[in-house]
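Convert by adding 1 to the 1-based position in the sequence shown; the result is the number in the numbering used here. Ideal Cβ placement from N, Cα and C applies to all residues, glycine included. Since the structure is predicted, the reported quantities are computational estimates derived from the model, not experimental observations. Quick notes on the structure that follows.
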Amino acid sequence: MDRRRFLCSQLGMLGTGMLLSKMGYAQSMHHMHNMTENTQVSALFTGQLPTGKVLPPLTLLTNTASAAKTFQAKLVAAPLTAELIPHKKTVFWSYNGQVPGPLIDVYEGDTVEIVFENQLSQPSTVHWHGLPVPSEEDGNPVDIVAPGEKRTYRFTLPEGSAGTYWYHPHPHHYTAEQAFRGLAGPFIVRAKNDPLRHLPESHLLFSDVKLDTNLHIPDNDMLDWMNGREGQFVLVNGQLRPKLTVNGPQRWRLWNACNAHYLQLTGVSMVLVGTDGGLLEKPQPVNSLLLSPGERAEVVVIPQIDQQQVVLTAKAYARGKMSMQQGDVPPEQDIPLVDVLLKGSKDAYVLPAFLRKIPALGTPQVTRQVIFTESVNMKKMGMKNGRPTGMQFMINGREFDHARIDFTGFVNDIEQWEIINATEMDHPFHIHGTQFQVINRQTEFDTVQEPFLAWRDMVNVKPGEIVRIRLQQTMVGDRMFHCHILEHEDLGMMGTLRVVKRD
Ligand code: C2O
Ligand code: CU
Ligand code: CU
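Below, the structure written as structure tokens:
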């Protein structure tokens with residue numbers, strides 16, 4: 002059975018004539034070699050930026066509160082002019098003059114108060130990706146802060162929320178651009194009784210930047226919109242290919258803050274100890290680690306051989322990008338990210354065998370389906386006012402409409418969601434306000450149970466795959482769910498779950 006027939010048989014009971022025709026479009030769209038008009042592929046800088054600096058630590062956002070268990074600070078979004086190479090100016094958009102934005106580092110139980118000031122020429126918001134914050138504090142697409150305005154975001158982080166999160170803008174239609182111009186920052190929530198708190202930490206936040214021949218950050222072209230934008234430079238804490246010395250066992254927190262770049266990390270042996278929403282139950286040795294855009298992980302690196310030089314590399318990952326003519330989408334390549342010097346110690350280090358208990362979410366009260374679809378009208382493809390025409394990225398056959406509620410659910414119900422990718426490209430699924438557990442992943446060949454329990458707010462869904470997850474929303478309010486390729490999200494591959502109290 003081919004992938005389309007498999008999905009259609011899975012979806013057959015739903016009446017999906019719509020889906021069949023969309024998928025027909027998707028098929029023909031993958032090799033549009035004869036499409037030549039309006040491609041606007043930008044000329045890119047082919048030189049090098051400086052490499053080889055020592056990996057800089059993330060800049061800490063200073064807490065100005067005097068009271069205990071309170072974190073207060075200000076974030077200002079504004080343009081930042083930088084010289085990546087001497088006498089060439091690149092304008093980023095930054096939080097507090099930094100790319101990436103400063104690290105917010107707090108404990109479970111803390112109350113966080115961030116004054117956000119928007120000095121951009123566009124509306125913005127700050128979304129607290131992955132954190133269980135009330136929906137009115139979560140920087141939703143229509144809760145905008147206008148240019149020149151301020152607002153305070155305030156929330157208390159519950160016990161059990163320790164993990165590795167981030168923040169980024171989420172204004173309707175502007176998210177992708179604001180993120181690729183530099184607006185994204187890391188957020189760590191710590192537990193007091195963390196079983197790995199004895200390990201030194203390194204933080205590696207990956208972002209990418211696309212530079213044209215003048216070293217300016219160009220607007221999105223049609224291919225950027227279609228495939229999600231990937232810059233030709235992948236930066237780590239804002240640096241190109243820095244170096245890092247690892248002296249004995251170390252805990253790494255990893256963030257993929259790229260709009261669309263998948264990072265298949267290899268080259269350093271790592272033990273996975275945590276996902277988006279914090280620690281696993283048991284450490285899991287991994288050969289490589291795929292971080293989809295928006296995803297985070299915690300790993301422990303244990304040097305085995307003294308003075309071993311290795312390269313943390315993003316291995317080529319084919320995610321089904323579409324092209325309009327031969328050669329306009331370059332083949333995937335391995336990207337060296339960090340030169341790592343491992344310094345072993347004589348005493349073998351043994352990780353704790355147990356990290357924490359993760360209770361499995363039980364039998365669901367409700368089941369939902371989220372179907373990713375894409376459609377293209379070749380006659381209408383082009384660009385208009387900086388946005389593409391003739392292509393659609395949808396959920397359940399519709400583009401995002403903030404006035405439409407796609408699903409209504411109840412506080413504390415256990416929900417099972419089936420995320421179905423009926424397109425020819427990978428799409429990373431994300432939902433706001435909570436963490437979920439992956440139950441299984443089904444393809445036309447088999448259904449694979451998830452090997453271990455983990456809290457996530459990101460899961461990649463491959464073409465033709467069905468991923469089943471369980472989640473529970475603990476607060477009332479509207480929550481977005483979407484593809485975290487931010488161009489797709491901006492084009493409408495997003496929906497709204499309304500959470501209400503059962504009366
Ligand atoms: Cu990181 Cu709705 O997004
Ligand atoms: Cu989010
Ligand atoms: Cu997508």
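Pro429 beta carbon near ligand 4 (any heavy atom closer than 8 Å): Looking at this structure, you won't find ligand 4 anywhere; what it does contain is ligand 1, ligand 2 and ligand 3.
Span of the beta strand (DSSP E) around Gln285: Run containing Gln285: Gly279 to Val287, per the beta strand (DSSP E) assignment.
Ser136 (DSSP reduced to helix, strand or coil): helix
When Trp167, Thr153 and Val116 are compared against Leu132, the one with the closest alpha-carbon: Trp167
The alpha helix (DSSP H) enclosing Asp340, as first and last residue numbers: Judged by DSSP secondary structure, Asp340 falls outside any alpha helix (DSSP H) and instead within the beta strand (DSSP E) spanning Ile336 to Lys344.
Near ligand 2: Met495 beta-carbon under 8 Å from a heavy atom: no
Cβ-Cβ separation, Gly249 to Pro304 (assumed contact under 8 Å), whole Å: 7 Å
Nonlocal neighbours in the same chain, by C-beta distance under 7 Å from Thr276, ignoring five residues either side: Ala298, Ala455, Trp456 and Arg457
Whole-angstrom distance between Val439 and Gln123, CA atom to CA atom: Within the model, the alpha-carbon separation for Gln123 versus Val439 is close to 37 Å.
Residues of its chain near Tyr108, where Cβ-Cβ distance is below 6 Å and the 5 sequence neighbours each way are ignored: Arg191
Nearest-angstrom Cβ-Cβ length linking His169 and Ala180, presumed shorter than 8 Å: 5 Å
Ligand 2 site residues, beta-carbon cut 5 Å against heavy atoms: His130 and His433
Any non-hydrogen atom of ligand 3 within 8 Å of His174 CB: no
Residue interval of the beta strand (DSSP E) (run including Gln310): Gln309 to Lys316
Neighbour-count burial assignment, Ser95, 16 or more Cβ in a 10 Å radius: Buried: at least 16 other Cβ atoms inside 10 Å.
One or two residues paired with Leu273 in a DSSP bridge: Gln285 and Val300
C-alpha distance - Met1 paired with His217, whole-angstrom precision: With the chain running from 2 to 504 in the structure shown, residue 1 is simply not present.
Residue burial classification, Tyr263 (beta-carbon count within 10 angstroms, cutoff 16): buried
Burial state of Leu356, where buried means 16 or more other Cβ atoms lie within 10 Å: buried
Where Glu490 sits in the DSSP three-state scheme: Note: Glu490 maps to helix in three-state DSSP.
Three-state secondary structure (DSSP) of Thr409: Reduced to three states, the DSSP call for Thr409 is strand.
Residues bridged to Asp479 (per DSSP): Arg499
Cβ-based burial, Thr165 [other Cβ within 10 Å; buried from 16]: buried
Given Gln285 as reference, the closest of Glu296, Gly278, Leu291 and Val300 once Cα atoms are compared: Val300
Check: His262 C-beta below 8 Å from any heavy atom of ligand 3: no
Buried/exposed call for Val468, threshold 16 Cβ in 10 Å: buried
heavy atom of ligand 1 below 8 Å from Gly229 C-beta: no
When Pro464, Val377, Arg369 and Lys385 are compared against Gly496, the one with the closest alpha-carbon: Arg369
Secondary structure of Glu178, DSSP reduced to three states: helix
Distance between beta carbons of Gly278 and Gln473, contact taken as under 8 Å: Going by Cβ atoms, the distance from Gln473 to Gly278 rounds to 12 Å, so no, they are not a contact pair.
Any non-hydrogen atom of ligand 1 within 8 Å of Trp167 CB: Flag set: Cβ of Trp167 near ligand 1.
Heavy atom of ligand 3 within 8 Å of Cys259 beta-carbon: no
Inter-residue Cα distance where the pair is His403 and Thr126: 15 Å
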